[in-house]
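So that you can map any letter, position 77 of the sequence shown is 266 in my numbering, and since no number is skipped, the others follow by simple counting.
Below you'll find the structure, written out as structure tokens, and then a few comments.
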Amino acid sequence: MKNKKNPACQTKAELMQEIEALQQALETAHSNFENVCDPDLIDSYIYEINALSFRYKYLLRQVQSIQTNAEFTPQIRDLHQPRYQSSH
Numbered sequence: 190m191k192n193k194k195n196p197a198c199q200t201k202a203e204l205m206q207e208i209e210a211l212q213q214a215l216e217t218a219h220s221n222f223e224n225v226c227d228p229d230l231i232d233s234y235i236y237e238i239n240a241l242s243f244r245y246k247y248l249l250r251q252v253q254s255i256q257t258n259a260e261f262t263p264q265i266r267d268l269h270q271p272r273y274q275s276s277h
């Protein structure tokens, strides 16, 4: 498992990199979810998507906190959680 820093100690750039990685992981999890039929795998991907989504929201709050504390121009609105439509 990758050793991750405490998000409270991470820089904005590090947080943004992690957010981008989470966006990709969410896309992959959603794609996998759409392509499985086994109930156990479906449950597994639901839990994975939920966990990634909570982490994603947490990191967005961390970036927003850094921006607020450093009086950066808010750019958090440029980030969005990817939305997926079922192909079924």
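Quick reminder that beta carbons are idealized off the backbone N, C-alpha and C, glycines included.
Check	Outcome
Roughly how many whole angstroms lie between the Cα atoms of GLU146 and ASN258?	In the structure as shown, the chain begins at 190 and stops at 277. Residue 146 is therefore absent and cannot be evaluated.
From the DSSP output, in three-state form, read off LYS201 for me.	helix
Is the CB-CB distance between ALA214 and LEU249 below 8 Å?	no
Near ILE231, which residues of its chain fall below 8 Å by C-beta distance, leaving aside the five closest residues on each side in sequence?	PHE222 and VAL225
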